[in-house]
Amino acid sequence: MTRADVAAAIRWIGATLYALFGGADFGAGFWDLVAGGAQRGERPRGLIQSSLTPVWEANHVWLIFILVVLWTGFPDAFGAVMSTLYVPLALAALGIVLRGAGFAFRKSIRRLGARRAMGATFALSSVLTPFFMGTVAGAIAAGNVPAQGNGDAFASWTGPLPLLVGALFVASGAYLAAVFLVGDARRAGGREAALAARSGDPATPALPNPDLETYFSRRALGAALVAGAFAAAGLVALHAEARYLFDRLTDQGLPLVILSALCGLGVLLSLLRGWRRPLRPLAAGAVVAVVWGWGVAQAPYLLPTSLKITESAAPPDTLAAILAVFIAAAVIVLPALGLLYWLSQRELLND
Amino acid sequence: MPLVSSPGLLPLPSLGSNLLAAHELMSFTLGFHIVLACLGVAFPAIALTANYLGLKHGDEAAMRLARRWSKVMAVTFATGAVTGTVLSFEFGLLWPRFIERFGSAFGIAFAVEGIFFFTEAIFLAIYLYGWKRLSGWAHFWSGTPMVVAGIGGAFSVVAANAWMNRPQGFTLDPAGKVVSTDPLRVLFNPAWGYEVPHMIFAAYMVAGFLVASVYAVGMLRGRRDRLHRLGLLIPLTIALIATPIQIFVGDMAARAVAHDQPAKFAAFECVRKTGAHQAEYVGGVCTSGGVKGGIAIPGLDSWLVGFSTGTRVTGLDSIPPAERPPANTLLHLSFGAMVGIGTALLLLGVWLAIAWRRRRDMPRTPWFLRAVAVSGAAAIAALWCGWIVTEVGRQPWIVQGYMRTSEAVTRAGGIWWAFALVVLLYAGLGTGAVLVLRAMSRRWREEGEEAGEAEAPYGPPAAAGEAPA
Ligand code: HDD
Ligand code: HEM
Ligand code: HEM
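Keeping their order, the protein sequence lines are chains A and B. Under my numbering, think of the first position of the first sequence as 68, with each following residue one higher. Under my numbering, think of the first position of the second sequence as 263, with each following residue one higher.
Structure (structure tokens):
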């Protein structure tokens, strides 16, 4: 492996983590959007908010990480992507602003009307942002970004494949989020039952959280099916628009594609059977396998099929610096992130 | 060079107007982010000071301030994070040629920054949401990594900016492509040593004076309880300690700029002709015939550069016309305003120190509170002025001596539209943040400390408690 490959792998690790944590974060916003009126949606929204609040900012630093590694390690590819896909990228940036502001402001205000407006902003941009990011990924996969940049500003990302990948990003985020929320609902239910038992107060019976658990597991099931359908349609589009990727995905990438499909089936089975433990690892596995399948299929290319990883790579010392930063991040940031998720899963973080 | 292959959103915007539009968009979004970034860098230290005093002396008012400030931070951080993300996109969207050519050098600092952003976001969340369940001191310590991360984050971003002023640590092939880099020399370029501390102390000044000014306004409105006194004194003390150091560093910076970036120095000091015995001008308009309307102090400029009125200072006549910075009057007045505000804030500190020595209390006159009330805005103004000096003073270069800004700009159309949209969006963002913070403070006043947020985002009115907001 050359240094360039290592840097590309680091970026791909960042992309994987963003797909998992950022994806679930956006997906939670999707469920907020479709939770219905104030009355009906109150409890799912409450769960979504308490699950997201401590982690949403950290979840999004992965995006910064990807951008920075790309522009430092592969400046040519970065320039080419940015000068071609500036429309969906600018729309995604807009979505990020609206989403962050909507979420933070909603938490801090009380008036119902304003909360609703902020909540709608948050929820709607939670759907649009991953969609536009997906079109960017799809456009790159389809080979619509020429190595020298300045590709067509619209045709590059409005074909069937980019649009399908956009939809797939939304659906897989929703799927991950629903799976994660099943677990959160279960824990929240347990905590409330324990509190009620301790207070021994018959007037405040344990809130029936099993219904939230069912609520999200039903939605996880739906989202899994929809995401699976988009993925299948994506394969067809890949065959038509990105033959290079398709051929390699069904060759070198095949084991990972199969792994992903198996994980997906495992999730369906667990949901139907009510098994909770394997749910999260399997759902995450399905997404990780797809992301790496794509990575393997695209392998020597950063921009299929016009720019190779080695052609676009920065000088070796810069790549070494990226590796050093990555190691430092693994030593400093990963334990801290672990601490954050651990504290938040143990319900030690709330206000 | 490939031709523009996309029609853009606007019919045929000329590159000239693209450059201007991109300038406007970049400086507007940076100017917005930098204020929030200052809060990100320095607010944790201020809140933790209150937290420490509260824990150490069992001071309920200090604890309450720390709790409130952490809620305020949640809002300013979120706004800072989204505006910062926009900046990361903008580098690519507005200056794709710049990143393409120099990303492998310039980007290194930003890669380092990633670590600090993570650390900051993680420990902010732990501190912010750990009030209830973590023990007092564990909770206090969970906040301290934020202080380090803020300083580290400021170091890496500003080192990147310093590199644009004093680029080094790379070699180019004949075609101008970067073929090798030396990451440590990129990070520790000759300008980082003054730009980075100058920015960090600026952040402590901006955050400190800004928070103090909020409580000064409250005290002027008659709220003179212990909470308000502490809310004023803690951040004010921190900012006032930073002020003299900041002036010292600024003085160092000015001398270094005179040496290393003579065009910038000549432009903001309005030095026309190279030579000794240069006068320092306070105020005034720069014209080709010299400074009009300012107060001249003979020899002072030379003295400031080399501690002798005989020091030779490079004038604009030694700089090729195509490399002279634009807008000299703007630069001159911005520099003057920064120095003037710094000096005024120093005097504010002297005033407080004298009163404290006499009576162990702050000055009684409402004029003191009025001065503190405007100090936050003044510090922000100095911050912006400093950045104007640095950035406009570097023009026409984006990478001093290597790449012109006009070569770096995007060919994409519609930048003016984007600019208009971003101004509207940020106006909404700013207004939203201010309204949210004001509603929070009103709620604290009316309902006491525990008036937290409602549990669910929006339950039915009865449950959400239609609070008077
Ligand atoms: C609270 C804000 C503040 C205050 C009171 C001052 N400055 Fe400043 N100044 C900044 C905030 C700032 C800054 C954070 O905006 C800049 C922009 C880039 C940088 O490194 O710091 C800056 C830049 C900057 C530069 C340009 C550096 C460069 O382009 O490389 C010089 C020469 C000075 N300052 C000098 C001074 C002096 C002599 C001051 C004395 C009173 C002073 N500053 C007070
Ligand atoms: C640390 C960080 C910073 C970096 C890396 C940086 C980088 C840049 C870049 C790439 C440009 C584009 C070139 C151009 O428009 O001329 C620019 C311009 C500019 N920046 Fe900065 N900047 C930083 C901080 C700031 C801040 C905080 C402000 C403002 C408050 C600022 C004000 C400006 C202005 C006014 C211009 C336009 C100059 C002109 O139009 O002549 N910069 N900067
Ligand atoms: C050109 C310039 C800049 C870029 C591209 C940039 C980029 C960013 C990004 C991407 C974030 C979000 C990180 C997150 O999600 O937590 C951010 C936040 C932040 N930035 Fe900037 N930044 C710039 C200038 C500055 C400057 C000049 C400073 C400081 C001195 C600064 C300090 C911070 C800090 C402390 C945060 C943490 C969040 C907050 O405080 O609100 N940034 N910035």
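Cβ atoms here follow ideal geometry from the backbone N, Cα and C, with glycine treated the same way.
Quick one: which chain B residues come within Cβ less than 7 Å of residue i?
i, result
"Arg254/A", "Residues of chain B passing the Cβ test: none, with the nearest at roughly 14 Å."
"Leu407/A", "Ile384, Ala387 and Ile388"
"Leu143/A", "Here residue 143/A turns out to be Asp, not Leu, going by the sequence shown. Near Asp143/A (Cβ distances below 7 Å), the residues of chain B are Glu362."
"Phe167/A", "With the sequence shown as reference, residue 167/A is identified as Gly, and Phe is not the correct amino acid for it. Neighbours of Gly167/A on chain B, chain order: Ala340, Ala343 and Val344."
Anything in chain A within Cβ reach of residue i, meaning under 7 Å, just list it in chain order.
i, result
"Pro445/B", "Asp384, Thr385 and Ala388"
"Met325/B", "Those within 7 Å of Met325/B in chain A number zero; the least Cβ separation is about 15 Å."
"Met702/B", "Ser175"
Name the chain A residues whose beta carbon is nearer than 8 Å to that of residue i?
i, result
"Ser442/B", "Pro382, Pro383 and Asp384"
"Phe372/B", "Val135, Trp138 and Thr139"
Helix, strand or coil for residue i per DSSP?
i, result
"Arg428/B", "coil"
"Arg485/B", "coil"
"Leu288/A", "helix"
"Gly341/A", "coil"
"Thr69/A", "coil"
"Arg666/B", "strand"
"Thr345/B", "helix"
"Gly537/B", "strand"
"Glu414/A", "coil"
"Ala403/A", "helix"
"Thr381/B", "helix"
"Thr372/A", "coil"
"Leu156/A", "helix"
"Leu434/B", "strand"
"Leu274/B", "For Leu274/B, the predicted model reports a pLDDT of 38, less than 50, meaning its position is unreliable; a value from the coordinates is still stated below. Three-state result, Leu274/B: coil."
"Ser267/B", "Because Ser267/B sits at a pLDDT of 32, beneath the cut-off of 50, its placement in the model cannot be relied upon, and the following sentence gives the value as read from the coordinates. Coil, per DSSP."
"Leu87/A", "helix"
"Thr225/A", "coil"
"Ile581/B", "coil"
"Thr573/B", "coil"
"Thr627/B", "coil"
"Ile559/B", "strand"
"Val148/A", "helix"
"Gly81/A", "helix"
"Trp659/B", "strand"
"Leu671/B", "One detail in the question is off: residue 671/B reads as Val in this sequence, not Leu. Correct three-state label for Val671/B: coil."
"Ala190/A", "helix"
"Pro213/A", "coil"
"Ile176/A", "coil"
Using the beta-carbon of each residue, which ones in chain A are nearer than 9 Å to residue i?
i, result
"Ile413/B", "Going along chain A, no residue has its Cβ under 9 Å from Ile413/B, so there is no contact; the nearest lies around 15 Å."
"Leu396/B", "Leu410, Leu415 and Leu416"
"Tyr391/B", "Thr120, Pro121, Leu410, Ser411, Leu415, Leu416, Asn417 and Asp418"
In chain B, which residues lie less than 8 Å from residue i when you measure between Cβ atoms?
i, result
"Glu124/A", "Phe339, Ala340, Ala343, Ala383, Leu386 and Ala387"
"Val164/A", "Val344, Thr345, Thr347, Val348, Leu687 and Leu691"
"Val128/A", "Gly376, Phe379, Phe380 and Ala383"
"Gly146/A", "Gly354, Pro358, Arg359, Ile361, Glu362 and Gly365"
Residue i bridges to which residues according to DSSP?
i, result
"Gly552/B", "Thr549/B"
"Arg443/B", "Here the sequence assigns Thr to residue 443/B, which means Arg is not the residue at that position. Its beta-bridge partners are Phe432/B."
"Glu542/B", "Ile559/B"
Which one of the options has the shortest CA to CA distance from residue i?
i, options, result
"Phe283/A", "Pro348/A, Ile394/A and Ile115/A", "Ile115/A"
"Ala606/B", "Arg517/B, Tyr477/B and Gly638/B", "Gly638/B"
"Ala304/B", "Met461/B, Phe360/B, Pro429/B and Leu494/B", "Met461/B"
"Ser475/B", "Val544/B, Gly493/B and Glu669/B", "Gly493/B"
"Pro658/B", "Gly611/B, Arg586/B and Arg534/B", "Arg586/B"
"Gly572/B", "Gln540/B, Phe402/B and Met600/B", "Gln540/B"
"Pro560/B", "Val661/B, Val533/B and Ser580/B", "Val533/B"
"Cys647/B", "Ser596/B, Ala323/B and Arg707/B", "Ser596/B"
Q. At a Cβ cut of 8 Å, what residues of the stretch 289-314 of chain B count as close to chain A, listed as they run along the chain?
A. Per Cβ criterion, the list is empty.
Q) Listed in chain order, which residues of the stretch 149-162 of chain A have Cβ atoms closer than 9 Å to some Cβ of chain B? A) Of all residues in the stretch 149-162 of chain A, the ones placed with a Cβ closer than 9 Å to any Cβ belonging to chain B are Met149, Ser150, Thr151, Tyr153, Val154, Leu156, Ala157, Ala159, Ala160 and Leu161, in chain order.
Q. Using Cβ-Cβ distances below 9 Å, what residues of the stretch 670-682 of chain B are close to chain A?
A. Within the stretch 670-682 of chain B, the residues whose Cβ lies closer than 9 Å to some Cβ of chain A are Thr672, Arg673, Ala674, Gly675, Gly676 and Ala680, listed in chain order.
Q: Pull out every residue of the stretch 175-208 of chain A whose Cβ sits closer than 7 Å to any Cβ of chain B, in chain order.
A: Those residues of the stretch 175-208 of chain A that come within reach of chain B (Cβ to Cβ, closer than 7 Å) are Ser175, Ile176, Arg177, Arg178, Leu179, Arg182, Arg183 and Gly186.
Q: Can you give me, in chain order, the residues of the stretch 483-514 of chain B that have a beta carbon less than 9 Å from any beta carbon in chain A?
A: Closer than 9 Å at the C-beta level to chain A, one finds no residue of the stretch 483-514 of chain B.
**Q.** Contacting positions in the stretch 90-102 of chain A - beta carbon closer than 7 Å to chain B
**A.** Residues: none.
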